[in-house]
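Numbering (the numbering used here), first residue to last: 140 to 218.
Right, dumping it as structure tokens:
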């Protein structure tokens, strides 16, 4: 582990660090209390789940199509 002290960014003056910390704490509370923020979070999760389901379906269709192509090729070669 580093023995270096972890604090706010060194480029931020010490007198501004506390104000920044307070503002970020306030914004965190307002995000969790805001029903619209929750709606956006849920919407993002639903969109992510839909994308994953769509990709899975495409992969399944691709596998099915590959199998059909191989079957047709085998039939042609068998003639």
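Backbone N, C-alpha and C define an ideal beta-carbon position, used for all residues, glycine too.
{"Item": "Measuring only the C-alpha atoms, how far is residue 183 from residue 201?", "Value": "27 Å"}
{"Item": "Using the three-state DSSP reduction, which class does residue 205 fall into: helix, strand or coil?", "Value": "helix"}
{"Item": "Between the C-alpha atoms of residue 209 and residue 195, what's the straight-line distance to the nearest angstrom?", "Value": "21 Å"}
{"Item": "Taking the C-alpha atoms as reference points, what is the distance between residue 218 and residue 188?", "Value": "46 Å"}
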